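Q:
Chains as they are written, first to last, in the working numbering: chain A, 9 to 302; chain B, 9 to 302; chain C, 9 to 302; chain D, 9 to 302.
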């Protein structure tokens, strides 16, 4: 299969279940909502070494938010137990502290809920209030009053949807990856949690040489090792590979994001090959065959 | 004392020691260095609930970095033990994974060093190389090769330098705070770790009502509680307070940042009063008297 | 009429016809499309002193553009004669010169067209090519090849849709204006051509004192002149006024943008009054009564 | 000559005199100063088709501006006659209209001055005031009061300093150009007036085929025409060329910017060759030999 002259590998991305919370952060302006969202979703690239995976899902116009203010929607992804702890900490430290923010549940129809009881911060001065049909707590703070919901829906979603953008040199692959991230940013229900949405150093599970390492470089996908390792997965003429990793609310939106990203990446001159990462299909229940989703 | 007609409270900011690492992240362009820096310094507003405090110190021109590429300098602040763990995790998850980044020690003259051994990620394919006079490891990765130093100087610096911007309404106080942060961003050696550099919800230690809370709203500084609590610190006519919290490499640069920030804040129409936070002087060894530093 | 406690003046905005061209700029990434769009829409706030009015209408995902790349849609507004000249100059100087850009007609169904013959720049090396169903010219340039359509639909739209955001102080009014612009940015078919979308210095036609001036400060709307001029339009308690000026493809989208902007502005604390500007209804054919559109 | 393995052409950039005004725009925050600066320097890439050349020189901390607020310094470049007209129009339409801005002369020591009489906009309500040692006019406007100087120093500077970044493919050349612009942004006294600082379509004077064209594609520097035109300047292996054009206050700062940009560009993988543009030395009085400035 080829798109715009770029071969698409006959393979699939393997992905795993994750629990996801979607949080709507509103503020007086989009800028201020964005600042809170960036802080709240930082240090959250990969569950391997970060306490969760998180990212910005999208921008919400005032008429799309419960309180009629500009908003940003973020997704936080982790195991169920860690998810609650992380949502509490990130809202408490990064959003409650942020100027003019309010917080609302972005999955009000989810069957499962987690409690996020920030109102104890009010030390008894807090009170309840309905805002846009949502049951909120109001907490007196230095800037005035913070408003937020304290129950957040969570759903079992998909983590680790992915594809590889391979280029004839590093800059071509990187711009291909950036074009992919631009395209994915318009897709609802997904995030790309790595810096700029792009992974420069994909890993394999464990390490052959250093037994204490939970993960190490995926030498089969390292262009500089192409001649040095057996079974290199680097096609002739490829000098750099970037991985786009996608977490999303369900299989459909992850597949849609993968398709949007790949279709954008192949438009970039110097992108030579598209593939995807899997672990042989034994681990993750979700398989995204490139030929099917495109 | 008054500046530009705004009264400056006759008080001081009380601050505490912290260990600090300064890391220089370079990349192919400033944009890409910035993306890595933002991710690496996220979820790091306050040591109360975040694993560390971190922020962007400044932008470095290519002729200011060891490898001659655009760079961003970040500071990571924590206890000595946590600092090592956080630098390792944040570099491993947020910078090594980020496109085209390299990492260098920003405190090469510090007496104390922490090891940050990312090279094990190379699974035996890594090798040593000198870059710009620095001893680096090169790790083969999917995009090509990652380059980074593995020893980082740490110094005992200052956390919690602060001042309060009080306004006749919320927007005046917020813009005063933002002007302060703009001014501080030009000061070397400091960060403002909260979202957009501004704290909306300053806290007191513990809670009067909820004994399980390590911190709670500082009701004396809550404008909506001015008539409800004894000893409110809110001057007449003040409707909103923002706190600027500053961490820095030493007392001098924190004092300089406080002065730059306050001088900028008082230029904003509607800013009515400047004060600072302390705990009576019993806890922290650093005292920044506003009348002295201005 | 009141929204969120803010009185809405019982008045209308008066607007005028203008010719409009909508241009789709695509590039290898959204960043590069944005850079071209910003340059092409600069020095274009008001037809009084600028050669045209122009602004960014919105961001287009790759699957919304003719060539499958990230895009930005801009509107350029002027008299029919000036419009052709400005579209030619701005595309030639600001987009053809910009990295990786291509240009497509954003109003392909318009009955009237203007020719924009950039292909002569190719000095005979140019050639025709179909891209995404559009008839384009390809021009060899230093970066490779530029691709662009050379016929652009134009429609008779609306210029000067407007409303005033009045605040109890300057910062409240400004943040109200910014929230309005955030909301309008999500509305299709419109631009706000002033810096940041906000006008700080609305004008009246002519000048009472300086006869050579085509326009001068609108003293009736100057808060500092409230006690000095007869018939001041500044309500008691208002200290600052910002105007949001909207150009759009038709009356419906301008009315929608006005409503979205006003609904967002009134959510900002310290915004005290909303009004709109007109010239008594004698000049412009379009009247947007605030009570009707909200 | 080679830097980082990249050959530097044994040639020179040829540049021309231009008159330059440096304007300091301050505002309540850096964001608002930036918005005004972007609008005021738009549609100003090349004097061939734009009314002037203009760009952002740098960011100024509050302690570097006359009124103690965050600032942006811009340069506007044109013939002496056009310069006055353009400074007047751009300040009147793009800065006086912009929220919270004030304007100051950035070349107070220049011998020649141009008058920029915006105060007539005040229709008699304007008055004089000293701000930071500068003689300013205060004009009552809708947001409150605008403050600005009305005499601006101008100097005879240098336009058209330049170099070419050539790459093994388009994305490598583009990222090389962007790294160059990042480096130049830290140099005082210069601007890069094209979108993102980069020129994709360098031109030659006139046209061989279309006699009515004042400029046309420089076919000798078009990679796709390498085999089709005699005397192509494209080295073997080069697939894309970007030009960085620099205007500056004097020869020294233009040379410094060229050196900073070239040194940064050659660090980008896939950049293959650096050259510069001249017209044989017959036209411009300034010659920047690459071997001398580096």
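Every residue gets a Cβ at the ideal spot worked out from N, C-alpha and C, and that includes glycine. All of these numbers come straight from a predicted model, not from anything done at the bench.
Using a Cβ distance threshold of 8 Å, determine whether the segment 248–264 of chain A contacts the segment 169–187 of chain B, with at least three qualifying pairs required.
A: no
Q: Taking C-alpha atoms, which residue in A:122, A:149, A:92, A:114 lies nearest to residue 79 of chain A?
A: For residue 79 of chain A, the nearest C-alpha among the options comes from A:114.
Q: Residue 187 of chain D and residue 36 of chain B: beta carbons closer than 8 Å?
A: yes
Q: Looking at the structure shown, is residue 179 of chain B part of a helix, part of a strand, or coil, going by DSSP?
A: Residue state, collapsed to three classes: helix.
Q: Cβ of residue 180 of chain D within 8 Å of Cβ of residue 271 of chain D?
A: no
Q: Looking at residue 20 of chain D: is its Cβ nearer than 8 Å to the Cβ of residue 260 of chain D?
A: For residue 20 of chain D and residue 260 of chain D, no; Cβs fall outside 8 Å.
Q: Just the chain C side, please: which residues come within less than 7 Å of residue 36 of chain A by C-beta, in chain order?
A: 183, 187, 276
Q: Between which two residues does the beta strand (DSSP E) carrying residue 250 of chain D extend?
A: 248–256
Q: In this structure, does DSSP put residue 225 of chain D in helix, strand or coil?
A: If DSSP states are grouped into helix, strand and coil, residue 225 of chain D belongs with the strands.
Q: Any idea if residue 107 of chain A is buried or exposed, counting beta-carbon neighbours within 10 angstroms, 16 or more meaning buried?
A: buried
Q: Which residue marks the beginning of the alpha helix (DSSP H) containing residue 272 of chain B, and which one marks its end?
A: For residue 272 of chain B, the enclosing alpha helix (DSSP H) starts and ends at 259–273.
Q: Output the distance between the C-alpha atoms of residue 130 of chain A and residue 219 of chain B, rounded to the nearest integer angstrom.
A: 12 Å
Q: In chain order, what residues of the same chain have a beta carbon less than 6 Å from the beta carbon of residue 53 of chain C, not counting five sequence neighbours either side?
A: 201, 202
Q: Are there 16 or more other CB atoms within 10 angstroms of the CB of residue 146 of chain C, so buried, or fewer, so exposed?
A: buried
Q: Residues of chain C with a CB under 7 Å from the CB of residue 94 of chain B: which are they?
A: Here the premise fails: no neighbours, minimum Cβ distance about 31 Å.
Q: Roughly how many angstroms separate the alpha carbons of residue 123 of chain D and residue 144 of chain D, rounded to a whole number?
A: 12 Å
Q: If I follow the unbroken beta strand (DSSP E) through residue 7 of chain A, where does it start and stop?
A: The shown model of chain A, from 9 to 302, leaves out residue 7 of chain A, and the question about it has no answer.
Q: Starting from the beta carbon of residue 176 of chain D, find every residue of chain A whose beta carbon is closer than 7 Å, and list them in chain order.
A: Under the 7 Å cutoff, chain A gives 177.
Q: Let's see if you can read the secondary structure: which residues bound the beta strand (DSSP E) around residue 21 of chain A?
A: Its beta strand (DSSP E) spans residues 20–34.
Q: Pull up the CB-CB distance for residue 51 of chain B and residue 160 of chain A, whole angstroms please, since I reckon it's below 8 Å.
A: Not a contact, Cβ separation roughly 17 Å.
Q: Along the chain, which unbroken stretches of the beta strand (DSSP E) at least 3 residues long are found entirely within the segment 33–96 of chain D?
A: Correct list: 61–68, 79–86.
Q: Is residue 83 of chain B closer than 8 Å to residue 63 of chain B when the C-beta atoms are compared?
A: yes
Q: Quick one: list the residues of chain C neighbouring residue 244 of chain B, beta-carbon separation under 9 Å, in chain order.
A: Per Cβ cutoff of 9 Å: no residues; residue 244 of chain B is ~17 Å from chain C at best.
Q: Give the DSSP-derived three-state secondary structure of residue 209 of chain B in the structure shown.
A: coil
Q: Among B:198, B:280, B:242, B:204, which one has its Cα closest to the Cα of residue 81 of chain B?
A: B:198
Q: Residue 120 of chain A: buried (16+ other C-beta within 10 angstroms of its C-beta) or exposed?
A: exposed
Q: Under 7 Å Cβ to Cβ from residue 55 of chain A, same chain only, skipping five residues before and after it: list those, please.
A: 61, 86
Q: Roughly how many angstroms lie between the CA atoms of residue 153 of chain C and residue 182 of chain D, to the nearest whole one?
A: 14 Å
Q: With which residues is residue 144 of chain A paired in a DSSP beta bridge?
A: A:137, A:157
Q: Within a Cβ cutoff of 6 Å, which residues of the same chain sit near residue 88 of chain B, ignoring the five residues on either side of it in sequence?
A: 27
Q: Return helix, strand or coil for residue 203 of chain C, following the three-state DSSP convention.
A: Helix.
Q: Under a Cβ-count criterion, where at least 16 other Cβ atoms within 10 Å of its own Cβ denotes burial, should residue 133 of chain D be classed as buried or exposed?
A: Residue 133 of chain D is buried by the Cβ-count criterion.
Q: Using three-state DSSP, classify residue 240 of chain C as helix, strand or coil.
A: coil
Q: For the putative contact between residue 242 of chain B and residue 14 of chain B, defined by C-beta atoms under 8 Å, what is the C-beta separation to the nearest angstrom?
A: Not quite, the Cβ-Cβ distance comes to about 15 Å (not below 8 Å), so this is no contact.
Q: Using a cut-off of 8 Å between C-beta atoms, extract the partners of residue 272 of chain B located in chain C.
A: In chain order: nothing, as chain C lies at least about 14 Å away.
Q: Work out the CA separation of residue 39 of chain B and residue 291 of chain D for me, nearest whole Å.
A: 37 Å
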